[in-house]
Each structure stands twice: as structure tokens, then as C-alpha cells.
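Undergrad:
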Amino acid sequence: MNILIYHKDDYLFYDLCDILNCEHISYSVIPYTFADKYEDMTFWNWCIHNIAFDKYDVLISVNYYPILARLCCKMRIKYIAWCYDCPLNVVSIEDTLDYETNYVFLFDRKQYQSYYDKGFRTVYHMPLGVNTRRLSGLTYSAALERKYSCEIGFVGNLYASKLQEIIAPMSPFLQGYLQALMDAQFTIYGGYLFDSLLTDELLSQINNGYKEKVPDTTFTLSKEALNFAMASEITRKERIILLNLLGKRHDTKLYSYAPSELIENAVYCGSVDYVSEMPYVFHYSKINLNPIMRSIQSGIPLRAFDVMGVGGFLLSSWQEELAESYIDGEDLVLYDSIPDALEKAAFYLKHEDIRTQIACSGQRKTLQEHTLRSVLEKMLHIVL
Numbered sequence: 000m001n002i003l004i005y006h007k008d009d010y011l012f013y014d015l016c017d018i019l020n021c022e023h024i025s026y027s028v029i030p031y032t033f034a035d036k037y038e039d040m041t042f043w044n045w046c047i048h049n050i051a052f053d054k055y056d057v058l059i060s061v062n063y064y065p066i067l068a069r070l071c072c073k074m075r076i077k078y079i080a081w082c083y084d085c086p087l088n089v090v091s092i093e094d095t096l097d098y099e100t101n102y103v104f105l106f107d108r109k110q111y112q113s114y115y116d117k118g119f120r121t122v123y124h125m126p127l128g129v130n131t132r133r134l135s136g137l138t139y140s141a142a143l144e145r146k147y148s149c150e151i152g153f154v155g156n157l158y159a160s161k162l163q164e165i166i167a168p169m170s171p172f173l174q175g176y177l178q179a180l181m182d183a184q185f186t187i188y189g190g191y192l193f194d195s196l197l198t199d200e201l202l203s204q205i206n207n208g209y210k211e212k213v214p215d216t217t218f219t220l221s222k223e224a225l226n227f228a229m230a231s232e233i234t235r236k237e238r239i240i241l242l243n244l245l246g247k248r249h250d251t252k253l254y255s256y257a258p259s260e261l262i263e264n265a266v267y268c269g270s271v272d273y274v275s276e277m278p279y280v281f282h283y284s285k286i287n288l289n290p291i292m293r294s295i296q297s298g299i300p301l302r303a304f305d306v307m308g309v310g311g312f313l314l315s316s317w318q319e320e321l322a323e324s325y326i327d328g329e330d331l332v333l334y335d336s337i338p339d340a341l342e343k344a345a346f347y348l349k350h351e352d353i354r355t356q357i358a359c360s361g362q363r364k365t366l367q368e369h370t371l372r373s374v375l376e377k378m379l380h381i382v383l
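By numbering that gives the first Met the number 0, the letter at position 68 of the sequence shown is numbered 67, and the numbering carries on one by one without gaps.
#1: Roughly how many angstroms separate the alpha carbons of Asp-56 and Arg-120, rounded to a whole number?
#2: By the 10 Å Cβ neighbour count, where 16 or more other Cβ atoms means buried, how is Asp-182 classified, buried or exposed?
#3: On the three-state DSSP scale, how would you describe Pro-338?
#4: Please return the same chain residues whose Cβ sits closer than 7 Å to the Cβ of Val-280, not counting the five positions on each side in sequence.
#5: The alpha helix (DSSP H) that contains Leu-70, what's its start and end?
#6: So, under 8 Å CB-CB, Tyr-111 and Leu-96 are touching, yes? Tell me the CB distance rounded to an integer number of Å.
#7: Would you mind working out which of Glu-223, Leu-157 and Leu-3 sits nearest Asp-408, comparing C-alpha positions?
#8: Can you tell which of Gly-311, Gly-208 and Tyr-158 has its C-alpha closest to the C-alpha of Pro-168?
#9: Around the Cβ of Thr-138, are there at least 16 other Cβ atoms within 10 angstroms (buried) or fewer (exposed)?
#10: So what's Leu-3 in DSSP terms, helix, strand or just coil?
#11: Between which two residues does the alpha helix (DSSP H) containing Phe-172 stretch?
#12: How is Pro-300 classed by DSSP in three states: helix, strand or coil?
#13: I need the boundaries of the alpha helix (DSSP H) containing Ile-205, first residue and last residue.
#14: Taking the alpha-carbon positions, what's the Leu-201 to Leu-371 distance?
#15: Just the C-alpha distance for Ile-4 and Glu-99, rounded to the nearest angstrom, thanks.
#16: Should Gly-308 and Thr-355 be called a contact, given that it needs their Cβ atoms to be closer than 9 Å?
#17: Taking only the alpha-carbon atoms, compute the straight-line gap between Glu-376 and Tyr-37 and give it to the nearest angstrom.
#18: Counting contacts by CB-CB distance shorter than 9 Å, is Ala-141 in contact with chain C?
#19: Cα-Cα, which of Glu-276, Val-266, Asn-287 and Asn-243 is closest to Ile-143?
#20: Check each candidate in Asp-35, His-369, Pro-338 and Trp-81 and name the one with the smallest Cα separation from Asn-243.
#21: If I'm right that Gln-296 touches Lys-109 with Cβ under 8 Å, what's the distance once you round it to whole angstroms?
#22: Using the beta-carbon count (16 or more within 10 Å), is Met-0 buried or exposed?
#23: Is Asn-88 helix, strand or coil by DSSP?
#24: Whether or not the region 29-47 and the region 62-71 are in contact is what I'm after, with contact meaning three or more pairs of Cβ atoms, one per stretch, closer than 8 Å; do they touch?
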């Protein structure tokens, strides 16, 4: 077997190569950052003239790139898009999704189902996992504990949403309607309102309103863009509130690419490298907070596996596939409201023995049942 890998800055690249090396599978890497993930003629022409596609069984990328789908379709090579983003942030994805050379693996079952129900047979539901080989090689020390230890730790994006820019030209009625939807969704875990309530009729009304205000505008708001902006706004609000309230009560650290002036009580620690630093944050935080991005409707985000894989205690917002794969109160702890999260954080910080037992159980199940090696094997079995 010979695999071609497209590499941009992505979390799974190191683990993918590590697993392939362990399995003695040959591969070559194309390291490149697209000028445009839809149309990049420099990349396109270089690939066609320099890569002997007939030498490879499959091209793999982490997440989905339309230009790679088109290239693989033209060169008649199978394309695996191994996705950890939800949504995929690809405009007009359905224009290329149905290519017969595509194999698009989605970790969120509801995202997969939405495409499948539209008739796409190139999508597959495939949960993520951990690289047990990498995690087993970690070494721990008192110095690392001093650096990374805290009561509450959170690694993640605060999502600087563009929602306010999007809704600014709208009528007060539409702004109020969308705000009411977000207020309702904010309190609901395990159900997603936007898919059914952001209708084509509503989008048409919004876009007609844009044209009335700016007659020569060429801007058209898509359902996907509005959906993501609203989900980002809710997630941002939840994370900021949780960090502030937990930070008032406990030693709380935030690891993110950028601080927020709205967070006053958590200590901002900058970003951390996925391979060399993040595992230690998860291991030495007594509680790892996991408020899941609201656009992920059912799937288990990579962060959850990464926390439990190193023996970290996971306190997560309720999520359908998490609740199916793990036992709440035995392998992890799930919350269904902000007050619930605060109460459970305080309880488990006071009960180290129970917290440690849950963290150990979650780690054991993750290392046994949710490995990236087994995920890769399943994908290759489907494709080849």
C-alpha cells in the first residue's frame, strides 16, 4: 500500500504518520497551504506535472478540501477526507461531495446523516480517538506538574463570532427573532433548533432585506454561514460565562490563541502545542472543562478523547454520542446547564478519590475502545 498525504497545519497529521510508520505503510507528504482551497492553479498544475498518481492507492487529507476532491476525481485516485471539524467550513460543498472517488469520514453522526439523507453516498460516520502509541510514550515530572497544574483547565477557542456584523443590516424584528432563537438554544443540550428554524423562507427574507438597504450588493447570506455564526456566538457566551464563574471559585486556567477582555477570573496562559504540551495540561488539570461547540450536534470532539486518553478528568456538556460511548458518573461527568456544571465542578474538586476513579475509568475505556489506529484501519478497509 502507498498513501499520499496532503498536509496543512492540522492536529491529526503527526498521529497519522506515526500510525503509518508503526504499520510499515509507505506514504509521501505534500506540505502546502492553499491560496484558495477551491481554486489554486499553482498547486493544481504542480500536482499534475510532478506527482505520479498511479503509484498511490489513496490520497488522505485531514478535513475536506474541494480542490483535492476535484484533483482526485480527475486523476482517478481515491480521496479520504478525515474530518475533525464540524461544520466543515466549505461553501457549496455539495458541488463536489458526490464525486465517486470521495470517501468523507465525519465524526458527527447527525452531520453525516444530513448529507446521507440528501442522497450523498460518499459520506461515512466515523468517530475519532487517540494515538495510544504517542500517549504511552509521555513522561511526567514534578516540573511539568508545577507548570500545568490547576483546579479547572480549559483548552479551546473563544470564537470571535461575526454575528453582529451579519445581523447589523437586518430589521429589528429579524434581529429580535434570531436573538430569541439563540436564547432558547443556549439552554438546550442534546437538541438543535437552528437546522429546522433557519428556513429557506427566512434566509430569503434576510437577503431581500440586505438588497433593499444596499441595492448593488452581491452578498448573499447562506444558511450554513448564519448557522455557524449563531452557534459560535452561543458557544462563546457559554465558555466566557463558565470561565468567569468557575474562576471566581477555583484556580482556573485558559489556554487559547487569544485572550478575551470579558474573562476576568481565569488566568490566560496562551496557546499550547497539540503534541508536546496539551497532553500535560489535560493530565495535570484536576478538572478539564469541555463546553462543546454547538454546531457539533451529536459527535465526540477530539478534545474529549485527548483529555481522557491521558487520564484527565472530563467535565463536558451533554452530548449524545458521548453519553452512548461512556457512562456518565463512571467514565466522565456530563452537565446540562451552567449551574449544573458549577455544582459538579465543586463536588468533584472536593472528592479527589471519586474524581481519580472516574478519570482512570475514562482513560481505560478510551485506550481500549477509541484508538486512531483502529479508526484508520476501518477507513482503509472501507476504501481499499
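C-beta: ideal position from N, C-alpha, C; glycine also. A quick note: this is a predicted structure, and the numbers were derived from the prediction, not measured.
TA: Working from what's here:
#1: Here residue 56 is taken as the residue at index 57 of the sequence shown, counted from 1. Here residue 120 is taken as the residue at index 121 of the sequence shown, counted from 1. Those two C-alpha atoms are separated by around 20 Å.
#2: Locating residue 182 in the sequence shown gives position 183, where the first residue counts as 1. Answer is exposed; the Cβ neighbour count stays below 16.
#3: Here the question's residue 338 lines up with position 339 in the sequence shown. The answer is helix: DSSP assigns Pro-338 an H, G or I state.
#4: Taking the sequence shown and counting its residues from 1, one reaches residue 280 at position 281. For Val-280, where only same-chain residues beyond five positions count, the Cβ hits under 7 Å are Tyr-147, Gly-152, Val-154, Tyr-254 and Val-271.
#5: Position 71 of the sequence shown, counted from the start, is the residue given in the question as residue 70. It spans 65-74 - the alpha helix (DSSP H) in which Leu-70 sits, taken as one unbroken run.
#6: For the purposes of this step, residue 111 is taken as residue 112 along the sequence shown, with counting starting at 1. For the purposes of this step, residue 96 is taken as residue 97 along the sequence shown, with counting starting at 1. Not a contact, Cβ separation roughly 12 Å.
#7: Outside the displayed span of the chain (0 to 383) sits residue 408, for which this structure offers no information.
#8: Position 169 of the sequence shown holds residue 168. When only C-alpha atoms are compared, the closest one is Gly-208.
#9: As a working mapping, residue 138 is identified with position 139 in the sequence shown. That one is exposed.
#10: Along the sequence shown, read from residue 1 onward, the residue named residue 3 stands at position 4. Of the three classes helix, strand and coil, the one that applies to Leu-3 here is strand, per DSSP.
#11: Here residue 172 refers to the residue found at position 173 when the sequence shown is read from its first residue. Run containing Phe-172: 171-185, per the alpha helix (DSSP H) assignment.
#12: On the sequence shown, residue 300 is found 301 positions in, with the first residue counted as 1. Correct three-state label for Pro-300: coil.
#13: Position 206 of the sequence shown, counted from the first residue, corresponds to residue 205. First-last of the alpha helix (DSSP H) with Ile-205: 199-212.
#14: The residue you call residue 201 lines up with position 202 of the sequence shown. The residue you call residue 371 lines up with position 372 of the sequence shown. Rounded to the nearest angstrom, the two C-alpha atoms are 41 Å apart.
#15: Residue numbering aside, residue 4 sits at position 5 when the sequence shown is read from its first letter. Residue numbering aside, residue 99 sits at position 100 when the sequence shown is read from its first letter. If you take the alpha carbons of Ile-4 and Glu-99, they lie about 19 Å apart.
#16: Along the sequence shown, one-based indexing puts residue 308 at 309. Along the sequence shown, one-based indexing puts residue 355 at 356. Going by C-beta atoms, Gly-308 is not nearer than 9 Å to Thr-355.
#17: Mapped onto the sequence shown, residue 376 falls at position 377. Mapped onto the sequence shown, residue 37 falls at position 38. Rounded to whole angstroms, Glu-376 to Tyr-37 spans 29 Å at the Cα level.
#18: Checking the listed chains, one finds no chain C in this structure; it contains a single protein chain.
#19: Numbered from its first residue, the sequence shown carries residue 143 at position 144. Residue 143 is actually Leu in this sequence, not Ile. Considering only alpha carbons, the answer is Glu-276.
#20: Along the sequence shown, read from residue 1 onward, the residue named residue 243 stands at position 244. Selected option, being the one with the closest Cα: Pro-338.
#21: The residue labelled residue 296 in the question sits at position 297 within the sequence shown. The residue labelled residue 109 in the question sits at position 110 within the sequence shown. The pair is a contact, with the Cβ atoms about 4 Å apart (cut-off 8 Å).
#22: Taking the first residue of the sequence shown as 1, we reach residue 0 at position 1. Burial call: exposed.
#23: Within the sequence shown, numbered from 1, the residue matching residue 88 stands at position 89. Asn-88 falls in the coil class under three-state DSSP.
#24: yes
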